[in-house]
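Have a look at the structure below, then the notes.
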Amino acid sequence: MTTDAGGIVGEFLSLKESTDADVLAMQCGDFYEFFADDAELVADELDLKVSQKSSHGSSYPMAGVPLSELTPYLTALVERGYRVAVAEQYETDDGHAREIERVVSPGTVVDPDGAEARYLAAVERDPDVDGDDEWGVAFAEVTTGRFHAAAVADLDDVRAELHRFAPVELLPGPGVRDDDDRLSELRESTDARLTLHESEAFAPGRARHRLGDHFGTQALEAVGLNAESAVAAAGAVLHYVDETGAGVLASMTRLGGLDPGGRVALDATTQRNLELVETMQGESTGTLLSTLDHTETAAGTRLLREWLTRPQRDRAELERRGAAVEAFARAALARDRLLDALDGTADLERLAARATSGSAGPRDLAAVRSALGRLPALASAIDGTGLADSPIPDVLARPDQAAARDLHDDLSEALAAEPPGSIGGDGGVIARGYDDELDELVAEYDEAAEWLDTLAEREKRRHSLSHVSVDRNKTDGYYIQVGKSVAGQVPDHYREVKTLKNSKRFVTEELEERERTVLRMEERREELERRIFEDVRKRVAAAAELLQDVGRAFAELDVLAALGHHAATNDWARPEFTGDDELRIEAGRHPVVEQTTDFVPNDLRMDHERGFLIVTGPNMSGKSTYMRQCALISLLAQIGSFVPADSAVLPLVDGVYTRVGALDELAQGRSTFMVEMQELSNILHSATEDSLVILDEVGRGTATYDGISIAWAATEYLHNEVRAKTLFATHYHELTALAEHLPRVANVHVAAEERDGDVTFLRRVREGATDRSYGVHVAELAGVPDPVVGRADEVLDRLREEKAIEARGSGGGERDTKQAVFDLSAGEFAAAAGGGGSDATGPEPGDGTARGPTEGTANATNDTLIESAAEDGAGTVMDTETEAVLEALRGTDVNETPPVELMATVQEWQRRLESGDD
Ligand code: ADP
1 MTTDAGGIVG
11 EFLSLKESTD
21 ADVLAMQCGD
31 FYEFFADDAE
41 LVADELDLKV
51 SQKSSHGSSY
61 PMAGVPLSEL
71 TPYLTALVER
81 GYRVAVAEQY
91 ETDDGHAREI
101 ERVVSPGTVV
111 DPDGAEARYL
121 AAVERDPDVD
131 GDDEWGVAFA
141 EVTTGRFHAA
151 AVADLDDVRA
161 ELHRFAPVEL
171 LPGPGVRDDD
181 DRLSELREST
191 DARLTLHESE
201 AFAPGRARHR
211 LGDHFGTQAL
221 EAVGLNAESA
231 VAAAGAVLHY
241 VDETGAGVLA
251 SMTRLGGLDP
261 GGRVALDATT
271 QRNLELVETM
281 QGESTGTLLS
291 TLDHTETAAG
301 TRLLREWLTR
311 PQRDRAELER
321 RGAAVEAFAR
331 AALARDRLLD
341 ALDGTADLER
351 LAARATSGSA
361 GPRDLAAVRS
371 ALGRLPALAS
381 AIDGTGLADS
391 PIPDVLARPD
401 QAAARDLHDD
411 LSEALAAEPP
421 GSIGGDGGVI
431 ARGYDDELDE
441 LVAEYDEAAE
451 WLDTLAEREK
461 RRHSLSHVSV
471 DRNKTDGYYI
481 QVGKSVAGQV
491 PDHYREVKTL
501 KNSKRFVTEE
511 LEERERTVLR
521 MEERREELER
531 RIFEDVRKRV
541 AAAAELLQDV
551 GRAFAELDVL
561 AALGHHAATN
571 DWARPEFTGD
581 DELRIEAGRH
591 PVVEQTTDFV
601 PNDLRMDHER
611 GFLIVTGPNM
621 SGKSTYMRQC
631 ALISLLAQIG
641 SFVPADSAVL
651 PLVDGVYTRV
661 GALDELAQGR
671 STFMVEMQEL
681 SNILHSATED
691 SLVILDEVGR
701 GTATYDGISI
711 AWAATEYLHN
721 EVRAKTLFAT
731 HYHELTALAE
741 HLPRVANVHV
751 AAEERDGDVT
761 FLRRVREGAT
771 DRSYGVHVAE
781 LAGVPDPVVG
791 RADEVLDRLR
801 EEKAIEARGS
811 GGGERDTKQA
821 VFDLSAGEFA
831 AAAGGGGSDA
841 TGPEPGDGTA
851 RGPTEGTANA
861 TNDTLIESAA
871 EDGAGTVMDT
881 ETEAVLEALR
891 GTDVNETPPV
901 ELMATVQEWQ
911 RRLESGDD
């Protein structure tokens, strides 16, 4: 774009060049105008009308909004992810000039629509801390003044935090930006708009200085904010908020960490898999949050979301919440009274931020007053009820009561009962009796107004006129309006100012004099009210921390009451925490699915002798639901909630890890198998003995043998090394043999019944492995064409009878059909006629469906294997161990042994042979 345009367009274009914002709104008198490309953009986004502006022989698109309407347009643009610069006009000696006063961005908009938190985030990477990358993250919410920062170990942790805070804007630091791949990886992990803020803002020295200045150096120590990366990220966030001129810096009163020590690790994948705040399809209904959210306030919803994505491990805190929830669950009447008292309370955390940024109006401060005024009602809703003897009164008592009362009283004295939305107009913002000067002025004004109000009557009487009224408008000021029929009878001192169709308007000297007084008084009143209001607003801003405390106490009561309500109305039970690793859930249910289904409850029992359950059962039988419900029960317990079960005795877990079918990654075109392995790898690295691991199929995305091998090895590793409590659903029936090899592994299955060819899902979890797969039946239910279902049945029958099947190729011709023989018992393909083309697909051992020959297709039959082994042995002097192994080998019926068991047996032989060598 050229900037040779002169005049107003030229000024616009050169201001635009000076900012990195996406859009510029420039004040021109009573309007904010957008020109050129920006006009087209806002017109498209916001449905504004575009007109043409001529300037120096060229014509430019132009769109505008009135001054008073900028905020909603700004908010709408910002919510669509744009950063908008706002240039204000100001008077100078020789006319006026314009300057960019602020840049509004998704993370720094102060008056957003909706109750959702809008976090601004920064991420910085510090290479080579102890030979490894270290990552720093910071999150700030300008609408509530929240601020959290910490260092985390790796990009996965960054992702988990991004998922938890769901920021709307993200500032990647120079250590992140220096690699395009890394930057795009980060971009994929979040819906936030990425803003490339200046690198210097991340410089650790400056950042530390800025943080110390703002929060105090002790605050940095108190939250253990030492890592350079975290300091850089936090400093950059502060800098950005300051730069964009949102004016809310002062509402950020407290620096918080991410408290990883007391928190349950929940990576982004798990948060998504368990559908805590968003379903796998990205919707907000049908989630755990939407199910539990009976809160009355927006702040309550925000806090519940925070709890759900950030479960606790602090037992005392959980007992405290649990006791409060229990009290709320039992005392229904008191609960309802308390919720009534909370209903409609303003969002104090947000109002505190508006007060500090200067954007709070009279009604905002009235809302602060009314919210503070609820404290006594809330206290009396608790007093003398079933809530009194619980931790609930302490929650309410946490904020400084005396300070809250004082501020409330101050506001009551200062503000009118129902102030107007803005200052100016008819006044009425400040209460009578608060300021003598204002009172005096208002009294005088009222007198003058009274004189004007009664003037018409007086004039009628005095001059015997009918049809007289006194009014005022912008152009004529005050006037006496007289009907046309009597216009000729007005006295001489009436001066005519306007003739209308049916009437004439007059003024008198006295009226003009009064008008001048009234206007002067109005001006003076507005000035006084503004000054007093500013004063009051500053006092509220100075109490930001108090308002945040009260706001958080309200939010906590709201959440605890909501959880109590849900527990009582859904028959949930208060969980008990064990010091050891015993886990016993009786009649557990899935908290979301039970809302819409006649749910069949199931038990779960795990302890130190039974820590790894392999869950088998037909497709659609309820394996996933069962495993997820167990994870959700554990998670609910660790936010302090009751749980959907008759009873639950639970260990305190340090993390919940899940891996389930990667639907969305598939949609994104990333290799599912790669994603699956990344997730598995993350679990194997991160889980500990105190974690809960949910694996819903592992190894499915690759060839059968790869798949089984990986699943097998992962099971061993989780069982032997990690020792995490694990639920593993698999379609590899072979894995059920593991129960015989690994002491803490047990099999359970979700039962189904088949009668007359129909499968009934019982949804009951029973001990032991399932004996077969019902995949073919599900295929039929799903509408797979009859010939395919018929053939699948045939294949399945033959599998059962012969334990071997010919894989059928895709060629179709009779001669081509026999390509490979899959020996189910041996677990391998044997060479066969037709020569196993690479596109051959055939049955897979686990569920009676299949895949083609894989690498390592057996060339030798089992018999030849055994013979050659025997030959090798002949003539050699053997130790007893080797002989014993050979004996065992001869005695093994390869056709009768499941492949996985065979693998274990062979491993055992190897071990024995090795020890025999020593
Ligand atoms: P799987 O993982 O075995 O394929 P899912 O867990 O996806 O099966 O469950 C299949 C369907 O059965 C789901 O629609 C689910 O709502 C329903 N379901 C699962 N468990 C239960 C239960 N215990 N009671 C009632 N319905 C259930």
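For the sequence shown, full-length UniProt numbering begins at 1 and goes up steadily by one. Heads up, the beta-carbon is just placed ideally off N, CA and C, and yes, glycines get one too.
Measure how close the beta-carbons of residue 920 and E413 come, nearest whole angstrom, since I'm counting them as under 8 Å. With the chain covering 1 to 918 only, the question about residue 920 has no answer from this structure.
Pair every Cβ in the region 539-558 with every Cβ in the region 348-363, then say whether three or more of these pairs are closer than 8 Å. Inter-segment contact for the region 539-558 and the region 348-363 is present: three or more beta-carbon pairs are separated by less than 8 Å.
Give every residue whose Cβ lies closer than 5 Å to any heavy atom of ligand 1, listed in chain order. Every residue whose Cβ sits closer than 5 Å to any heavy atom of ligand 1 is listed here in chain order: V593, T597, F599, V600, N619, M620, S621, G622, K623, S624, T625 and R763.
If you run the structure through DSSP and keep just helix, strand and coil, what is D44? As a working note, residue 44 is residue 44 in the sequence shown. Three-state result, D44: helix.
Does the beta-carbon of H608 have 16 or more other beta-carbons within 10 angstroms, so that it is buried, or is it exposed? One-based indexing of the sequence shown puts residue 608 at position 608. Exposed, since its Cβ has fewer than 16 Cβ neighbours within 10 Å.
Using a Cβ-Cβ cut-off of 7 Å (strictly less than) and excluding sequence neighbours within five positions of E855, which residues of its own chain qualify? For the purposes of this step, residue 855 is taken as the residue at position 855 of the sequence shown. Summary for E855: the model assigns pLDDT 34, below 50, so the residue's position carries little reliability; its value from the coordinates is reported in the next sentence. Nothing meets the Cβ criterion.
Just checking my contact of D267 with D156 at CB under 8 Å: how many whole Å lie between their CB atoms? One-based indexing of the sequence shown puts residue 267 at position 267. One-based indexing of the sequence shown puts residue 156 at position 156. That belief holds up - the Cβ atoms of D267 and D156 are roughly 6 Å apart, short of 8 Å.
Let's see if you can read the secondary structure: which residues bound the alpha helix (DSSP H) around E326? Your numbering for residue 326 matches position 326 in the sequence shown. For E326, the uninterrupted alpha helix (DSSP H) run begins and ends at R315 to R330, by DSSP.
Quick check: what's the CA-CA separation for G707 versus D690? Stepping through the sequence shown from its first residue, residue 707 is reached at position 707. Stepping through the sequence shown from its first residue, residue 690 is reached at position 690. Each residue's alpha carbon lies about 27 Å from the other.
For L338 and G421, the rounded distance between their alpha carbons: For the purposes of this step, residue 421 is taken as residue 421 along the sequence shown, with counting starting at 1. For the purposes of this step, residue 338 is taken as residue 338 along the sequence shown, with counting starting at 1. C-alpha separation (whole angstroms): 29 Å.
Taking DSSP as the reference, what is the three-state secondary structure of A256? Locating residue 256 in the sequence shown gives position 256, counting from the first residue. Before going on, a small fix: residue 256 reads as Gly here, not Ala. In the structure shown, the three-state DSSP call for G256 is strand.
Between the CA atoms of P172 and A233 - distance to the nearest angstrom: For this step, residue 233 is matched to residue 233 along the sequence shown. For this step, residue 172 is matched to residue 172 along the sequence shown. Going by the C-alpha atoms only, they are around 8 Å apart.
So, with DSSP's three-state summary, where would you put G421? To locate residue 421, count along the sequence shown from 1; it is residue 421. Coil.
Which residues does DSSP list as the beta-bridge partners of V23? Within the sequence shown, numbered from 1, the residue matching residue 23 stands at position 23. DSSP output for V23 lists V84 as bridge partner(s).
How far does the beta strand (DSSP E) with E534 in it extend, from its first residue to its last? Within the sequence shown, numbered from 1, the residue matching residue 534 stands at position 534. First-last for E534: E509 to A542, but that is the alpha helix (DSSP H), not the beta strand (DSSP E).
CB-CB length for G617 against T770, believed under 8 Å: Working through the sequence shown from its first residue, we reach residue 617 at position 617. Working through the sequence shown from its first residue, we reach residue 770 at position 770. Approximately 5 Å separates the beta-carbon atoms of G617 and T770; this is inside 8 Å, confirming the contact.
Using alpha carbons as the reference points, say which of L407, F612, H685 and S634 lies closest to L742. Within the sequence shown, the letter at position 742 stands for residue 742. Closest by alpha carbon: F612.
The beta strand (DSSP E) with R584 in it runs from where to where? Here residue 584 is taken as the residue at index 584 of the sequence shown, counted from 1. From DSSP, the beta strand (DSSP E) with R584 extends over L583 to G588.
Would the beta-carbon of A487 be found less than 8 Å away from any heavy atom of ligand 2? Ligand 2 is not part of the structure shown, which contains ligand 1 as its ligands.
If you measure between the beta carbons of M26 and E33, is that distance less than 9 Å? Along the sequence shown, read from residue 1 onward, the residue named residue 26 stands at position 26. Along the sequence shown, read from residue 1 onward, the residue named residue 33 stands at position 33. Yes. Within cutoff.
What does DSSP give as the partner residues of F761 in its beta bridges? By one-based count along the sequence shown, residue 761 stands at place 761. F761 pairs with A752.
Which residues does DSSP pair with W135 in a beta bridge? Here residue 135 refers to the residue found at position 135 when the sequence shown is read from its first residue. Looking at the DSSP output, W135 sits in a beta bridge with R125 and V152.
Along the chain, where does the beta strand (DSSP E) that runs through D471 open and close? Against the sequence shown, residue 471 aligns to sequence position 471. Where D471 is concerned, the enclosing beta strand (DSSP E) starts and stops at V468 to N473.
State the beta-bridge partners of K504 as determined by DSSP. For the purposes of this step, residue 504 is taken as residue 504 along the sequence shown, with counting starting at 1. K504 is bridged by DSSP to V482 and T499.
Would you call the region 431-451 and the region 514-530 in contact, with 3 or more CB pairs under 8 Å? They touch, by the three-pair rule.
Roughly how many angstroms separate the alpha carbons of V486 and S466, rounded to a whole number? As a first step, residue 486 is located in the sequence shown; it is residue number 486 there, counting from the start. As a first step, residue 466 is located in the sequence shown; it is residue number 466 there, counting from the start. Each residue's Cα considered, the two are about 7 Å apart.
Secondary structure at V788, three-state DSSP: helix, strand or coil? Start at 1 with the first residue of the sequence shown, and residue 788 comes out as number 788. Helix at V788.
Do you know whose CA, among V264, G95 and V759, lies nearest R164's CA? Position 164 of the sequence shown, counting from 1, holds the residue named residue 164. When each option's Cα is compared against that of R164, the closest is V264.
In three-state terms, what does DSSP make of P61? As a first step, residue 61 must be located in the sequence shown, where it is residue number 61. In the three-state DSSP reduction, P61 falls in the strand class (E or B).
With 16 other Cβ atoms within 10 Å as the buried cut-off, status of T658: Translated into the one-based positions of the sequence shown, residue 658 becomes position 658. Label assigned to T658: buried.
Integer Cβ distance of A153 from G136, believed to fall under 8 Å: In the sequence shown, counting from the first residue as 1, residue 153 sits at position 153. In the sequence shown, counting from the first residue as 1, residue 136 sits at position 136. Not confirmed; about 11 Å, so no contact.
6 Å CB neighbourhood of S469 in its chain, flanking five on each side removed: Looking up residue 469 in the sequence shown gives position 469. Contacts found: A456 and Q481.
Select from H214, E522 and E444 the residue whose C-alpha is nearest the C-alpha of L249. Walking along the sequence shown from the start, residue 249 turns up at place 249. Closest option to L249, Cα to Cα, is H214.
R218 lies in the beta strand (DSSP E); which residues open and close that run? Counted from its first residue, the sequence shown places residue 218 at position 218. Strictly speaking, residue 218 in this sequence is Gln, with Arg absent from that position. DSSP places Q218 outside any beta strand (DSSP E); the residue lies instead in the alpha helix (DSSP H), whose first and last residues are T217 to A222.
Residue burial classification, L500 (beta-carbon count within 10 angstroms, cutoff 16): Working through the sequence shown from its first residue, we reach residue 500 at position 500. Exposed.
Go to N273, then tell me how far its alpha helix (DSSP H) extends in each direction, as first and last residue. The residue labelled residue 273 in the question sits at position 273 within the sequence shown. Following the DSSP letters along the chain, one finds N273 inside the alpha helix (DSSP H) bounded by residues A268 to N273.
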